[in-house]
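**Student:** Here's a structure for you.
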Amino acid sequence: MNEDYVLELEHIRKEYPGVIALKDVTLQLRRGEILGLIGENGAGKSTLIKCCSGAVIPTSGKIKVNGKEFTRMTPQLAAENGIAIIYQEFNNVGELSAAENMFLGRPILKKNGIVIDRRAMEEEAAKAFEQLNIKINPRTLVKNLSVGYQQMVEIAKAIQQNAQVLIMDEPSAPLTTNEVESMFKVVELLKSRGVSIIYISHRLEEIFRLSDRIEVIRDGEYVDTLITDKDPATIPNQVDDLIKLMVGREMTQKYPPRKPCVRDEVILELQHVYGNGDEDISFKVHAGEVLGLGGLVGAGRTEIAQVIFGARPKESGKIIFMGQEINPKSPRAAIDHGIALLPEDRKRHGALLTNSIKNNISMPIYERISKATVINSKIEHSTAERYREDIQIKCPSIHQLVKNLSGGNQQKVILGKWLAANSKLIIFDEPTRGIDVGAKFEIYKLINDLVEDGVAVLMISSEMEELMGMSDRIIVLAENKMMGELTKDEFNADLIMSYASGVVPENRKEAV
Amino acid sequence: MNENKFMSAFKQNAIWLVFFVEIAIFAYFNPKFLSLANVVNISRQVSYYGIASIGMTFVILIAGIDLSIGSIIALVNVVCAYLMMNMGWNMWLAILVSIIMAILIGVLNGWMVASIGIPAIIATFASQTVFRGCAYLLSGGLPIPGVVLEHPTFGFFARWSLNRWEIFKAMGDIGLIPICAIIMVICFAVGSFILNKSYFGRYFYAIGGNEEASELSGIRVNKMKYLIYALSGFFAGLAGIVLLSRSGSAQSTAAIGFEFEVITCVVLGGVSVAGGIGRMSGVIAGVLIIGSLKSGMIMMNVSEYTQMVVQGLVLAVAVGVDCFSKKRQAS
């Protein structure tokens, strides 16, 4: 053994009743390196790291830490051997201070052995923060910290516990651009101190920026490990290669072509709408058009979508839908008009995870397909089957629970529900967030099919490329106000960014 | 794959296995346990739990709870008897009015939970206290006796369907089934129908799984909550009438702690307190298990205090096994 590995996973296999989550995955982490771990949703990344933390017991395979062999981990063994994991959802207790969180479950006690030594904990916490070059007051309650800082508290906790291996699962997903930048700095700092890091992300540019090597897994199997070449010129080729490895097939285009299909008919018009924090929003969406809604997180895009969908009250202004002024007071009312919303947080707001695919799809139309409250189960079945086929929801049967589907298929189920409801305007809030590359393409194709059928689409997206790739027109919000509108020939990332930052360039001032 | 299907079918119906094992044990120790007289007796005793458990199933399915049903039963008893005995109302009218009152109490619970936003456990605990108090006030704390003596027809809910009920007589053995058990069976059928065939059932499961997503899927969640608490009030009211018919005398102290017995039946039957999961058939099994457990223990001369200990243990073990198997599946 000439390489110095801190963590080795050998032929890890994990079977659940009826499903094989991991077939055979091998992973070797060198001391002081950052290993990017990528794979489509459902490839087995989460299960794999849970094997390292002890949350999941592998069916077979070995875990070696510093050469010591284990057949399984427990949370305690993992901690003793210096393995720490930063999950997507943090394990912080909001009501406790940053210092208390760091020492949760293993407090520093005063000499008498009973009373917690708050000051010592705060000093230790301050030291740990200092080491990471981050400014957090150890006394601040964690709930008052920004998401980025909350994550830092978790990282600091891991380092304070002498973690040698840090596994980060989609650490950038909840962060703003600035926060991501500071997180990168901390990660690079840790690496320079000899900490080994497994970095899991959907965002390939992050993987290239940080990693030394990249391991790809697919369908629970090890595919390949590449050495990262940071030369910017080679990155596009590397991206193509990686996507091929992840998806297992060639991806020629990112955005499927669409026939021009924008019609003159205005489906939705907002006139000076105030509400839900947003101010003076006016725009039109035509039949067959994708109107992109750009801006930073928190700019008020989701907020206006909620007002249109009746989930939040409108304060003033007019919403005109298909020529009629409407004032939906509930999602039900909006749905009955023909408005649909695919929310950003699919699992919390979109899909009914504990219900079947069939029930999810028919949910908005149950009252329509019932007589005297009795469901016509034939229509219920055929509707679900129809959309399962039409939008190719991959599932063994329509009776499967939605929680057992991948993110992309969950999104399709939600879309199926709105198609069943015969929606005329569909609002997509971050339609491809957390969805893997292959499924993204399918979602884009579905959006194309929709507009070609004359549906109007309002698409909120924080991914610049997606926004420009899919939209016919883009309006940009900043701080709950409209900043500007771009037609297709004006699309330009810099311009959108400056609008999103609340800056209107000199030459466009008259346009607003 | 087939084996899996078999296993999941087995797991779903494991509760029935528990029931049959229980019956076998009691029958082994006391052969009279399975005598016709005792079976009929159990079906009478179980009926008012069974009827009330349907409303409670709906409530727990949407991750709520209804602690007021014991008080509703007491108040229905007192009001119905008061109207008939002290005010000389017609029996059917008195029954109708008291059940409507029970429904309105349910609507009030729904209003507190859905429109005001009081947590269900507090809202229904408050109405438990208020309406128990109303029952005491109306009756002065004294029983109103002689309901069935003065209105012999009122006893029919508890009576075996003999004699005057020609239709049942004609059906031979069915003549031995108490009317209240028939009412319970009808109620279970209605409950099962609501859960499986009507869109309300789909909505209940959806709301129990995720309230926010349900609202955003077009379900009027608040309206459904009103409906569910009203249904819980309705079934409690009906159970109250059955109880009055059996006891023949209205007691303001009736059914104290009854809600917890019903919750035991429902949870034992596999309805998840977290909401969204549960089936009517499981609840029926839960009701039968508790009913035969009580009867069997009485026949074995187990003291009332020991019965409480056993009932508590059964609940903890049944739910514990379920939670444990889920936990193991997850890791």
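The listed protein sequences correspond, in order, to chains Z and X.
Each residue of the first sequence is one higher than the one before, counting from 1 in the numbering used here.
Each residue of the second sequence is one higher than the one before, counting from 1 in the numbering used here.
Yeah, the Cβ is synthetic: ideal placement off N, Cα and C, and Gly gets one too.
The model shown is predicted, which means the values in this text are computed figures rather than measured ones.
#1: By DSSP's criteria, Z:M482 is part of a beta bridge. Which residues make up the other side?
#2: Under 9 Å between beta-carbons, which chain X residues line up against Z:R348? List them in chain order, please.
#3: Does DSSP put Z:E33 in a helix, in a strand, or in coil?
#4: What are the start and end residues of the beta strand (DSSP E) that includes Z:V195?
#5: In angstroms, rounded to a whole number, what distance separates the CA positions of Z:S423 and Z:G338?
#6: Which of the residues in the segment 319-352 of chain Z, read from start to end, lie with their CB under 7 Å from any CB of chain X?
#7: Tell whether a beta-carbon distance below 8 Å holds between Z:L242 and Z:A500.
#8: Could you check which residue in Z:E69, Z:K244, Z:N492 has the C-alpha nearest to that of Z:I38?
#9: According to DSSP, simplified to helix, strand and coil, what is Z:G469?
#10: Mapping DSSP to helix, strand and coil, what is X:V321?
#11: Three or more beta-carbon pairs under 8 Å between the segment 224-236 of chain X and the segment 93-110 of chain X, yes or no?
#12: If you draw a straight line from the alpha carbon of Z:N359 to that of Z:E215, how long is it in whole angstroms?
#13: For a contact meaning CB atoms closer than 9 Å, what does X:K32 contact in chain Z?
#14: Hey, how far is the Cα of Z:A99 from the Cα of Z:L9?
#15: If you measure between the beta carbons of Z:E122 and Z:P138, is that distance less than 8 Å?
#16: List, in order along the chain, the chain X residues whose C-beta lies closer than 9 Å to that of Z:V374?
#17: Any C-beta of chain Z sitting closer than 8 Å to the C-beta of X:A54?
#18: Is Z:Y255 near Z:D169, with beta carbons less than 8 Å apart?
#19: State the beta-bridge partners of Z:G292 as determined by DSSP.
#20: Alpha carbon to alpha carbon, how far is Z:I474 from Z:M483? Give it in angstroms, no decimals.
#21: Thinking just about the alpha-carbon of each residue, which of Z:A163, Z:E344, Z:S282 is nearest to the one in Z:Q76?
#22: Near X:N38, what residues of its chain come up, given a Cβ to Cβ distance below 8 Å and the 5 sequence neighbours on each side ignored?
#23: Would Z:A128 and Z:I159 qualify as a contact pair, given that the criterion is a beta-carbon distance under 8 Å?
#24: In this structure, what does DSSP give as the bridge partners for Z:Y274?
#25: Secondary structure at Z:I167, three-state DSSP: helix, strand or coil?
#26: For X:V18, report the span of its beta strand (DSSP E) as first-last.
#27: Name, please, each residue of chain Z whose Cβ falls closer than 8 Å to the Cβ of X:G248.
#28: Going by beta-carbon coordinates alone, are X:L75 and X:F131 separated by less than 8 Å?
#29: Is it the case that the Cβ atoms of Z:I560 and Z:I198 are separated by a distance below 8 Å?
#30: Determine the direct distance from the alpha carbon of X:P145 to that of X:Y48, and round the result to whole angstroms.
#31: When burial is assigned at 16 or more other CB atoms within 10 Å of the CB, is X:L313 buried or exposed?
#32: Which of the three DSSP states is assigned to Z:L425 in this structure?
#33: Given that Z:A311 touches chain X, what residues does it touch there, using C-beta distances under 8 Å?
#34: Short of 7 Å Cβ to Cβ, which residues in the segment 353-368 of chain Z face chain X?
#35: By DSSP, does Z:T234 sit in helix, in strand, or in coil?
#36: Give me the chain X residues within the contact set of Z:I370, using Cβ-Cβ distance strictly less than 8 Å, ordered along the chain.
**Tutor:** Once the coordinates are examined:
#1: Numbered from 1 along the first sequence, position 482 holds the residue referred to as residue 482 of chain Z. According to DSSP, which records beta bridges pairwise, Z:M482 is partnered with Z:L477.
#2: Translated into positions along the first sequence, residue 348 of chain Z becomes position 348. Those are N210, E212, A213, listed as they occur along chain X.
#3: On the first sequence, position 33 is the one that residue 33 of chain Z refers to. Three-state DSSP puts Z:E33 in coil, outside helix and strand.
#4: As a working note, residue 195 of chain Z is residue 195 in the first sequence. Taken as a continuous stretch (DSSP letters only), Z:V195 belongs to no beta strand (DSSP E), as it is neither H nor E.
#5: By 1-based counting over the first sequence, the position of residue 423 of chain Z is 423. By 1-based counting over the first sequence, the position of residue 338 of chain Z is 338. So the two alpha carbons sit approximately 4 Å from each other.
#6: S330, P331, R332, I335, L341, P343, R348, H349, G350, A351, L352
#7: The count along the first sequence starts at 1 and reaches residue 242 of chain Z at position 242. The count along the first sequence starts at 1 and reaches residue 500 of chain Z at position 500. No, Cβ-Cβ distance for Z:L242 and Z:A500 is not below 8 Å.
#8: Position 38 of the first sequence, counted from the first residue, corresponds to residue 38 of chain Z. Considering only alpha carbons, the answer is Z:K244.
#9: As a working mapping, residue 469 of chain Z is identified with position 469 in the first sequence. Three-state result, Z:G469: helix.
#10: Mapped onto the second sequence, residue 321 of chain X falls at position 321. In this structure, X:V321 counts as helix in the three-state DSSP scheme.
#11: yes
#12: Counting from one through the first sequence, the residue named residue 359 of chain Z turns up at place 359. Counting from one through the first sequence, the residue named residue 215 of chain Z turns up at place 215. The alpha-carbon atoms of Z:N359 and Z:E215 are separated by roughly 38 Å.
#13: Within the second sequence, the letter at position 32 stands for residue 32 of chain X. By Cβ distance, chain Z contributes nothing, its closest Cβ being about 43 Å from X:K32, past 9 Å.
#14: In the first sequence, residue 99 of chain Z corresponds to position 99, counting from 1. In the first sequence, residue 9 of chain Z corresponds to position 9, counting from 1. Each residue's alpha carbon lies about 33 Å from the other.
#15: Working through the first sequence from its first residue, we reach residue 122 of chain Z at position 122. Working through the first sequence from its first residue, we reach residue 138 of chain Z at position 138. The answer is yes: Cβ separation under 8 Å.
#16: Counting from one through the first sequence, the residue named residue 374 of chain Z turns up at place 374. Near Z:V374 (Cβ distances below 9 Å), the residues of chain X are F193, K197, S198, Y199.
#17: Your numbering for residue 54 of chain X matches position 54 in the second sequence. The question names Ala, but residue 54 of chain X is Ile in the sequence shown. Taking Cβ atoms only, chain Z never reaches closer than 8 Å to X:I54, which makes this a no.
#18: Within the first sequence, the letter at position 255 stands for residue 255 of chain Z. Within the first sequence, the letter at position 169 stands for residue 169 of chain Z. Their beta carbons are not under 8 Å apart, which means Z:Y255 does not touch Z:D169 by this criterion.
#19: The sequence position of residue 292 of chain Z within the first sequence is 292, counting from 1. Its beta-bridge partners are Z:M459, Z:I474.
#20: The residue you call residue 483 of chain Z lines up with position 483 of the first sequence. The residue you call residue 474 of chain Z lines up with position 474 of the first sequence. Approximately 11 Å between the Cα atoms of the pair.
#21: Sequence index remark: in the first sequence, residue 76 of chain Z carries index 76 (1-based). Checking every option, the nearest Cα to that of Z:Q76 belongs to Z:A163.
#22: Taking the first residue of the second sequence as 1, we reach residue 38 of chain X at position 38. Hits under 8 Å: K32, S295, M299.
#23: In the first sequence, the residue the question calls residue 128 of chain Z occupies position 128. In the first sequence, the residue the question calls residue 159 of chain Z occupies position 159. Yes, they are a contact pair.
#24: Against the first sequence, residue 274 of chain Z aligns to sequence position 274. Bridge partners of Z:Y274: Z:S316.
#25: By one-based count along the first sequence, residue 167 of chain Z stands at place 167. Strand at Z:I167.
#26: If you number the second sequence from 1, residue 18 of chain X lands on position 18. Looking at the DSSP string, X:V18 is not in any beta strand (DSSP E); the run it does join, the alpha helix (DSSP H), is 14-29.
#27: As a working mapping, residue 248 of chain X is identified with position 248 in the second sequence. None at all; the shortest Cβ gap to chain Z is about 37 Å.
#28: Taking the first residue of the second sequence as position 1, residue 75 of chain X is located at position 75. Taking the first residue of the second sequence as position 1, residue 131 of chain X is located at position 131. Contact: yes.
#29: With chain Z covering only 1 through 512, there is no way to say anything about residue 560 of chain Z.
#30: On the second sequence, residue 48 of chain X is found 48 positions in, with the first residue counted as 1. On the second sequence, residue 145 of chain X is found 145 positions in, with the first residue counted as 1. Using only the alpha carbons, I get a separation of about 20 Å.
#31: In the second sequence, the residue the question calls residue 313 of chain X occupies position 313. Counting Cβ neighbours within 10 Å, X:L313 comes out exposed, since fewer than 16 surround it.
#32: Along the first sequence, read from residue 1 onward, the residue named residue 425 of chain Z stands at position 425. Note: Z:L425 maps to strand in three-state DSSP.
#33: Stepping through the first sequence from its first residue, residue 311 of chain Z is reached at position 311. Near Z:A311 (Cβ distances below 8 Å), the residues of chain X are E215, L216.
#34: L353, T354, N355, N359, M363, P364, Y366, E367
#35: In the first sequence, counting from the first residue as 1, residue 234 of chain Z sits at position 234. Note: Z:T234 maps to helix in three-state DSSP.
#36: Residue mapping note: residue 370 of chain Z aligns to position 370 of the first sequence, counting from 1. A small fix is needed here, since residue 370 of chain Z is Ser in this sequence, not Ile. What Z:S370 touches in chain X: S198, Y199.
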